[in-house]
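Participant: Let me give you the structure first, and then I'll get to my questions.
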Amino acid sequence: MIQTLSENLADFVARERSMVEDELRRHLPISSLPGARRLNDALEYAVFPGGKRLRPALALLASTLAGASREQSLRVACAVEFLHSSSLVLDDLPSMDDAGLRRNRCALHLVFGEGLAVLAAVALLNQSYVLLAGASARAGGSSRAIETLIG
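Spelled out as structure tokens, the structure:
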């Protein structure tokens, strides 16, 4: 959480980034099934290296301010980042923007193919729901967090 009024958002994001990165790695929906290596590689490619991680930092801050525990706040932050990464993968597809570059490298569908890109995006989207449901259940709440995120 921002410690003082003089600490700005950039300092908060920088301070929390490594924790967010660690949690993203911990919650990345990696499969242990035989033959899933390319999907796992695509998931890793979609999320790492990320951008500034402003969205998960803001989610971390907002959920902490709303009274969530550190664990719940980190789950919400990861959910937001996975949802965002999923949307970027889908947006880059030829049927959408047909983008060739994302975060200064080839778009995921150009490296892994369109089918695997869609599977990776869906896996990230589903993992965001899992994380939100878990954070909500730990708080003794309903699925309002999921309803808010997906509209």
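All you need for the working numbering is the position in the sequence shown, starting with 1, plus 2.
Note that the Cβ used here is the ideal one computed from N, Cα and C, for glycine as well.
Distance check for Arg72 and Thr66, CA to CA, integer angstroms please.
Facilitator: In the sequence shown, counting from the first residue as 1, residue 66 sits at position 64. In the sequence shown, counting from the first residue as 1, residue 72 sits at position 70. One C-alpha to the other measures close to 7 angstroms.
Participant: Opposite Leu103 in the DSSP bridges: which residues?
Facilitator: By one-based count along the sequence shown, residue 103 stands at place 101. Paired residue(s): Cys108.
Participant: Would you kindly work out how many angstroms separate the C-alpha atoms of Leu63 and Arg40, rounded to a whole number?
Facilitator: Here residue 63 corresponds to residue number 61 of the sequence shown, with the count starting at 1. Here residue 40 corresponds to residue number 38 of the sequence shown, with the count starting at 1. Approximately 34 angstroms between the Cα atoms of the pair.
Participant: Measuring CB to CB, does Ser33 end up less than 8 angstroms from Phe84?
Facilitator: Here residue 33 corresponds to residue number 31 of the sequence shown, with the count starting at 1. Here residue 84 corresponds to residue number 82 of the sequence shown, with the count starting at 1. No, they are not a contact pair.
Participant: Are the region 92-99 and the region 22-37 in contact at 8 angstroms, needing three or more beta carbon pairs?
Facilitator: Counting Cβ pairs under 8 angstroms, fewer than three are found: no touch.
Participant: Which residues in the same chain have their Cβ closer than 7 angstroms to the Cβ of Pro58, if we skip the five residues on either side of it in sequence?
Facilitator: Counted from its first residue, the sequence shown places residue 58 at position 56. Excluding residues within five positions, the ones whose Cβ falls inside 7 angstroms are Val22, Ala79, Cys80, Val82 and Glu83.
Participant: Here's the rule: buried if 16 or more other CB atoms are within 10 angstroms of the residue's CB, otherwise exposed. What is Val15?
Facilitator: Stepping through the sequence shown from its first residue, residue 15 is reached at position 13. Result: buried.
Participant: Rounding to the nearest angstrom, what Cα-Cα distance links Leu35 and Asn10 in this structure?
Facilitator: One-based indexing of the sequence shown puts residue 35 at position 33. One-based indexing of the sequence shown puts residue 10 at position 8. Rounded to whole angstroms, Leu35 to Asn10 spans 44 angstroms at the Cα level.
Participant: Quick check on the burial criterion: 16 or more other C-beta atoms within 10 angstroms. Buried or exposed for Leu50?
Facilitator: Here the question's residue 50 lines up with position 48 in the sequence shown. The displayed chain sequence assigns Phe, not Leu, to residue 50. Exposed, because fewer than 16 other Cβ atoms sit within 10 Å of the Cβ of Phe50.
Participant: Using alpha carbons as the reference points, say which of Leu76, Gly52 and Ser88 lies closest to Leu133.
Facilitator: As a working mapping, residue 133 is identified with position 131 in the sequence shown. Checked all of Leu76, Gly52 and Ser88; the closest Cα to Leu133 is Leu76.
Participant: Let's test the definition: count the other Cβ atoms within 10 Å of the Cβ of Ser1 and tell me whether it reaches 16, buried, or not, exposed.
Facilitator: Since the first and last residues shown for the chain are 3 and 153, residue 1 lies out of range.
Participant: Which ranges does the alpha helix (DSSP H) cover as unbroken runs of at least 4 residues, wholly within the region 7-57, from first to last along the chain?
Facilitator: Counting only runs of 4 or more, we get 11-29 and 39-49.
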